[in-house]
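Asks: The structure that follows is given in the form of structure tokens.
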Amino acid sequence: MRIIGTIDEMRAAVRTARAAGQTVGLVPTMGAFHEGHLSLMRRARAASDLVVVSLFVNPTQFGQNEDLSSYPRDEARDAALAENEGVDILFAPEAAEIYPDGFATSIHVSGITDVLDGASRGAFHFDGVATVVTKLFGIVAPDVAYFGQKDAQQILVVRRVVADLNLEVRIEACPIVREADGLAMSSRNVYLDPAARQQATALNRALDAAAAVRGSGERDGERILDAARRVLADADITPEYLELRDVLTLNTVTRVESDALLAVAARVGAARLIDNHILKGDV
Ligand code: PAF
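Counting in the numbering used here, the sequence shown runs from 177 upward without gaps.
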């Protein structure tokens with residue numbers, strides 16, 4: 177596996193692969209790899225000739241009071257894990273390579289970024305994501321890019337950018353990978369002390385409880401949400417949001433008649449965690 181730090185070198189590697197008729201798969205990441213990341217790499221490895229994983233802790237998607245400086249970083253460990261998955265290139269640029277002096281462009285997706293994490297963290301967050309992902313697509317020019325469904329809203333934002341800017345890349349959403357007790361894997365789980373780690377299991381249990389109510393035939397949004405609210409309250413968790421939204425438009429759903437995104441964000445101990453389930457419209 178090659179580790180590449182410059183855009184020029186990254187572009188040259190892709191040009192060589194393309195000249196040989198190879199397809200390119202990209203897994204954009206911020207490092208601190210866990211099984212969720214590795215599952216994306218495996219999907220890419222199975223489908224593409226050249227597999228590129230980007231490792232870049234993107235400063236523009238972090239707010240002033242967020243965890244940019246403490247975000248877990250261990251490039252040597254990440255490189256070993258990526259190599260073990262058969263990744264061909266780890267693209268790990270410095271911030272100045274991505275945002276050189278004079279950088280002045282930002283991509284803003286309107287509408288779907290006004291809710292959930294866009295409302296909770298602020299508009300800057302998805303502007304930062306959309307801008308860096310568009311740059312990565314420009315640099316790596318992948319045929320397919322792989323994203324985890326845990327960041328469901330991020331996937332919708334990226335799909336919107338791809339459609340609106342006519343980018344030639346297919347976005348593949350990959351299932352959430354969970355710990356044995358249901359906690360969604362996240363690089364931020366390392367912030368959890370043992371008590372918070374236990375408390376955090378309530379997020380998925382809350383979503384499961386809501387899904388069970390939906391599974392019994394209930395369509396009323398408030399009744400479905402109430403089941404999740406009870407589990408969170410029992411675990412002493414006050415969510416930043418717990419909402420039912422249309423899977424494509426992110427409009428509020430009051431009755432589940434078609435597939436709906438049940439999404440939660442909460443501070444648990446020192447971590448801000450998100451999770452979601454898709455509730456089917458047709459049970
Ligand atoms: O999901 C992430 O890790 C980041 O938001 C991404 C897509 C790599 C952009 O920085």
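For glycine and all other residues, C-beta sits at the position ideal for the given N, C-alpha and C. Quick caveat, the model's predicted, so the values are computed rather than measured.
1) Which runs of the beta strand (DSSP E) at least 3 residues long sit entirely within the segment 214-293? Give them in chain order.
2) Give every residue of the same chain whose Cβ lies closer than 8 Å to the Cβ of ILE400, excluding the five residues on either side of it in the sequence, and list them in chain order.
3) Please work out which residues of its chain come closer than 7 Å, Cβ to Cβ, to ILE283, disregarding the five sequence neighbours upstream and downstream, and give them in chain order.
4) For HIS453, report the span of its beta strand (DSSP E) as first-last.
5) Count the other CB atoms within 10 Å of the CB of GLY278; is the residue buried (16 or more) or exposed (fewer)?
6) I need the DSSP call for ASP402, collapsed to helix, strand or coil.
7) I need the DSSP call for GLU433, collapsed to helix, strand or coil.
8) What's the call for ASP264, buried or exposed, on a 16-neighbour Cβ count within 10 Å?
9) Of the residues ASN234, LEU214, ALA271, which one's Cα is nearest the Cα of ARG253?
10) Which of helix, strand or coil does DSSP assign to GLY304?
11) For my contact list, GLU259 and THR182 are in at a C-beta cut-off of 8 Å; report their separation, rounded to the angstrom.
12) Less than 7 Å separating the Cβ of ASN234 from some heavy atom of the ligand PAF?
13) Would you call ARG406 buried or exposed, if buried means 16 or more other Cβ atoms sit within 10 Å of its Cβ?
14) Can you name the residues that DSSP bridges to ILE179?
15) In three-state DSSP terms, what is ALA321?
16) From PHE323 to PHE209, what does the alpha carbon distance come to, in whole angstroms?
17) Is GLN329 near the ligand PAF, with its Cβ less than 7 Å from a heavy atom?
18) Would the C-beta of PRO204 count as close to the ligand PAF, meaning under 7 Å from any of its heavy atoms?
19) Considering only their Cβ atoms, is the gap separating VAL440 from ALA382 smaller than 8 Å?
20) What residue range is occupied by the uninterrupted alpha helix (DSSP H) comprising THR377?
21) Out of ASP412, VAL429, ASP250, state which residue places its alpha-carbon closest to the alpha-carbon of ALA371.
22) Kindly identify the DSSP beta-bridge partner or partners of VAL200.
23) Taking the alpha carbon of PRO204 as the reference point, which residue from ALA376, ASP369, CYS350 has its own alpha carbon closest?
Replies: Checking against the coordinates, here is how it stands:
1) 226-231, 265-267
2) ALA386, VAL389, ARG390, GLU394, LEU420, VAL432, LEU438, LEU455
3) ASP303, ALA306, THR307, THR310, VAL337
4) 447-455
5) exposed
6) helix
7) coil
8) buried
9) LEU214
10) helix
11) Rounded, the Cβ-Cβ distance is 20 Å, inconsistent with contact.
12) yes
13) exposed
14) LEU266
15) strand
16) 13 Å
17) no
18) yes
19) yes
20) 377-391
21) ASP412
22) LEU226
23) CYS350
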